[in-house]
Amino acid sequence: MDGTGWFFLFGCRYDVYCPPGPQVGWSSLLVGTFKIPRHRFILWLAILGRLSTLDKPWLQHFGTSCVLCPDALPESHDHLFFACSFANDCLRVIRREVSIRWPYTSWPLVIQWASVRWRGKHVANASFRALLASSLVYHLWLERNRRIFQNTTRSPNEIARIIVSEIRN
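Counting from 1, one number per residue, gives the positions in the sequence shown under UniProt numbering.
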C-alpha cells in the first residue's frame with residue numbers, strides 16, 4: 001500500500017471515533033499565528049464559561065464577591081469580563097493607547113460581536129484585535145488570581161501597559 005492509503009484509512013477511522021463537532025463562530029478568535037498559547041487557552045475557557053469563577057458552588061468558601069472591583073458585586077464570567085469596573089478601567093486605558101472600538105456589553109455579546117467584526121479581508125488587523133482580546137482576558141484572570149492567592153495588586157494602568165507592550169512586541 002502506498003503512503004496515501006494509510007492517511008486515508010487513518011482519516012476514516014478518526015472520523016468514526018471523533019466525529020466533527022458543530023462549527024462555532026468564535027473559532028477565529030482562537031486560531032492564528034499571532035496569538036500566545038496560554039492566552040488562547042484562557043480565552044477558550046472563558047468563552048466556554050469554564051473558568052473557576054467564584055459563582056461556582058465548589059468555590060463558595062472564597063466568598064462570592066469580585067476581588068477586582070470595589071463594588072463587591074458577585075463574580076461571574078459576565079461580570080469579570082467587562083461588567084467589572086476594574087476591567088472597564090483596563091479597557092479604557094488600552095482603547096486610548098491602541099485606538100480600538102469595543103462595546104461595553106455582556107460577555108456573550110462581546111464574543112458574538114468580535115466573532116463577526118474581527119474577521120474578513122484584513123487578516124493582520126483581525127489577528128491583532130484577537131490577540132488584544134486574548135491578552136486582556138488572560139491578564140484580567142491573572143490579576144484576579146494574584147489578588148485571591150498571592151494578596152498582591154496591580155492598577156489598571158499597569159495591566160494595560162503590560163498588555164500593550166506584549167502586543168507591540
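Quick reminder that beta carbons are idealized off the backbone N, C-alpha and C, glycines included.
Pick from 149, 139, 169, 18 that is closest to residue 157, judged by C-alpha positions = 139
Inter-residue spacing [alpha-carbon to alpha-carbon] between residue 44 and residue 61 | 26 Å
Nearest to residue 126 (by Cα), restricted to the options 74, 101, 17 = 101
With C-beta atoms as the reference, is residue 59 less than 8 Å away from residue 65?
-> no
Specify, as a first and last residue, the run of the alpha helix (DSSP H) that residue 85 falls within.
-> 85 to 98
Do residue 35 and residue 114 come within 8 Å of each other at the CB atom, strictly closer than that value?
-> no
Residue 6 - DSSP class collapsed to helix/strand/coil = The predicted position of residue 6 is uncertain, since its pLDDT is 49 and thus under 50; a value taken from the coordinates is nonetheless stated next. In this structure, residue 6 counts as helix in the three-state DSSP scheme.
Helix, strand or coil for residue 173, going by three-state DSSP, please let me know.
-> The shown model of the chain, from 1 to 169, leaves out residue 173, and the question about it has no answer.
Supposed close pair residue 89, residue 76 - CB separation, criterion 8 Å | So it is not a contact: roughly 19 Å between Cβ atoms.
Helix, strand or coil at residue 65 according to DSSP, with G and I counted as helix = strand
Figure out for me which residue from 97, 93, 78, 118 has the closest Cα to the Cα of residue 47.
-> 78
Pairwise C-alpha distance: residue 162 and residue 152 | 16 Å
Starting from the C-beta of residue 167, find all residues in its chain whose C-beta is less than 8 Å away, skip the five residues before and the five after it, and write them out in chain order.
-> 98, 128, 131, 132, 135
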